[in-house]
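Asks:
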Amino acid sequence: MRLTASELGIRPFSNDRYFGGHGACPGCGAVSMLRQVMQTVGPKAYYFILASCAGSYFPGEFTVCDSSIIFTVYAAGFAEAEGMSQALELRGRTDETVVAYSGDGGAFDIGLGGLSGIAERNANVLVIVNDNQGYQNTGGQQSGGTPRGIITKSTQPFHQVPAAARNRKDLLELLAAHRVPYLATASAAFPRDLDAKLRKALTYKGFKLVHVVTACLNWGFESRLAIRVARLAVETGVHPLYEIEGGRRYRLSYEPTFAPLEDFTRLQRRFQGVDLALLKQDIAERWEDLRYKAARAWPASARQSA
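Take 5 as the starting number for the sequence shown in the working numbering and just add one per residue.
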């Protein structure tokens with residue numbers, strides 16, 4: 005029995021916002037996320053791509069998406085996105101979306117000042133942070149998003165610099181201090197959650213950011229396992245899925261199974277020699293903090309202001 009494409013649930017390619025033929029690494033965990041973002045945001049969008057792996061996602065010789073793509077630099081990217089947003093508003097084109105797409109290097113480190121600036125000014129920009137936990141397009145150097153204890157090409161051996169010597173930055177807490185309208189974490193392995201958060205973010209006028217941890221081949225896993233690794237990051241509690249409204253109202257959007265951390269780490273070479281007991285302590289403390297914040301009750305006036 006032969007089934008038609010519609011019977012198989014295969015959508016026409018014309019409905020996709022991001023096509024094949026891109027230049028990302030085979031098995032790149034960010035591609036699924038980017039396809040979901042473009043599908044949800046729709047065609048009326050301008051993407052400001054800060055220097056990152058995403059430079060290879062949109063090869064210059066041909067088009068792999070139907071949206072406008074602007075390549076930019078770390079220091080100016082977020083401000084440029086804000087400028088485009090203001091220009092569209094002046095022209096009355098309020099049905100078009102401005103997206104600033106950054107890696108963890110751009111958001112956690114080199115572009116953090118610019119990101120803080122548009123958050124402080126409550127710019128009407130949707131920020132997508134593709135966090136692959138390092139400067140991966142230049143070979144895998146440490147960033148502010150790299151988990152502590154991880155060996156990268158720019159860190160000393162684990163036995164020389166104990167994991168306790170540095171912590172991974174908590175980007176959402178930094179931005180929550182700006183009291184911005186909407187912040188969320190998401191995962192490509194949970195597409196419905198990602199889609200729901202993107203749709204919710206787009207209902208806000210002002211600054212909104214979705215932070216997505218994506219699996220990178222530089223982590224040392226087989227290319228076919230990218231989505232599995234991303235799912236385990238959530239299920240082990242390493243990457244909690246939650247949202248923050250108004251910088252104060254926390255909501256946990258998914259309760260993980262808290263699978264053994266070893267299920268996640270054994271698939272990746274980057275965890276060789278890492279003190280897992282310390283990482284487990286970090287996970288427990290972070291979840292305790294998130295549960296406390298999510299359980300707080302707010303009076304009606306505070307909920308409205310948030």
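In this text, a Cβ means the ideal position worked out from N, Cα and C, and glycines have one as well.
Do Leu256 and Leu294 come within 8 Å of each other at the CB atom, strictly closer than that value?
Replies: yes
Asks: Who are the near neighbours of Phe225 in its chain, counting only those whose CB is closer than 6 Å to its CB and skipping five residues on each side?
Replies: Within the same chain, Phe225 has close Cβ partners Val233, Leu271, Gln272.
Asks: In whole angstroms, what is the alpha-carbon distance linking Arg300 and His182?
Replies: 19 Å
Asks: Run the CB neighbour count on Val4, radius 10 Å, all protein chains shown included, and call it buried at 16 or more, exposed below.
Replies: With the chain running from 5 to 310 in the structure shown, residue 4 is simply not present.
Asks: Taking only the alpha-carbon atoms, compute the straight-line gap between Ala49 and Ala193 and give it to the nearest angstrom.
Replies: The alpha-carbon of Ala49 is positioned some 24 Å away from that of Ala193.
Asks: State the beta-bridge partners of Ile248 as determined by DSSP.
Replies: Leu187, Tyr254
Asks: When you compare the region 242-259 with the region 68-78, are there three or more beta-carbon pairs, one atom per stretch, that lie closer than 8 Å?
Replies: no
Asks: Does the Cβ of Asn171 have 16 or more other Cβ atoms within 10 Å, making it buried, or fewer, making it exposed?
Replies: exposed
Asks: Compare the beta carbon distance of Ala323 and Glu84 with 8 Å and say whether it is the shorter of the two.
Replies: Because the chain spans 5 through 310 in this model, residue 323 falls outside it and cannot be assessed.
Asks: Which residue marks the beginning of the beta strand (DSSP E) containing Ser72, and which one marks its end?
Replies: It spans 72-75 - the beta strand (DSSP E) in which Ser72 sits, taken as one unbroken run.
Asks: What residue from Gly31, Pro260, Ala298 has the CA that sits closest to Glu247's CA?
Replies: Ala298
Asks: Flag this pair as yes or no: are the beta carbons of Ser36 and Gly107 separated by less than 8 Å?
Replies: No, the pair does not count as a contact, with Cβ atoms beyond the cut-off.
Asks: Please return the same chain residues whose Cβ sits closer than 8 Å to the Cβ of Ile287, not counting the five positions on each side in sequence.
Replies: Thr240, Gly241, Val242, Leu265
Asks: What does DSSP give as the partner residues of Tyr139 in its beta bridges?
Replies: For Tyr139, which the question treats as bridged, DSSP gives the partners Gln145.
Asks: So, helix, strand or coil for Phe162, using DSSP?
Replies: Only weak support exists for where Phe162 lies, its pLDDT of 49 falling under 50; the coordinates are left without a value.
Asks: Where does the unbroken alpha helix (DSSP H) through Tyr312 begin, and where does it stop?
Replies: Since the first and last residues shown for the chain are 5 and 310, residue 312 lies out of range.
Asks: Report the CB separation of Val133 from His215 in whole angstroms; it is logged as a contact under 8 Å.
Replies: 5 Å
Asks: Tell me whether the beta-carbon of Val45 lies closer than 8 Å to the beta-carbon of Leu202.
Replies: yes
Asks: Distance, Cα to Cα, Ala230 vs Ala80?
Replies: 31 Å
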